[in-house]
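For the sequence shown, the numbering used here begins at 552 and goes up steadily by one.
Even for Gly, the Cβ is constructed at its ideal location relative to N, Cα and C.
The structure under discussion appears below in the form of structure tokens.
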Amino acid sequence: MVGKYDGLNDDPARISRVSYCTGVVLAVLTASFGVTGYSLPRDQIGYWAVKIVTGVPEAIPVIGSPLVELLRGSASVGQSTLTRFYSLHTFVLPLLTAVFMLMHFPMIRKQGISGPL
């Protein structure tokens, strides 16, 4: 682990930038947990939550429609879309959160802005 962060020892500004970026990613991941978690119940509430959340990017010019289709997995919201959001919530987001936490914590320790863990 020392070898991985060896280049960070020389430049405190770089440590700060990387720490800031990983913190922002962690904040986005936290919000993503809320968005995907609302769709976990496999009922009408979950269906409409996914329909609304995946419909928001449609307002983006040019890439909106393909992005919506990528999020839904098809042209409409169905069982596969709910399963996709479930797998995001239970497998992908926790893994990404753990990875970014393991990157973030050593950097804030190296900056000296936190006490012992």
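Straight through space, the alpha carbons of Ala-578 and Ser-627 are spaced by roughly 29 Å. Gly-588 places its beta carbon less than 8 Å from that of His-640. CA-to-CA, the gap between Leu-580 and Tyr-571 works out to about 14 Å. Non-local C-beta neighbours of Leu-591 in its own chain, meaning closer than 7 Å and more than five positions away in sequence, comprise Gly-597, Tyr-637, His-640, ordered along the chain. Here Met-652 is exposed, its C-beta having fewer than 16 other C-beta atoms within 10 Å. Excluding residues up to 5 positions away in sequence, Ser-590, Arg-593, Gly-597, Tyr-598, Val-601 lie with their Cβ nearer than 8 Å to the Cβ of Leu-633 in the same chain. In the three-state DSSP reduction, Ser-638 falls in the helix class (H, G or I).
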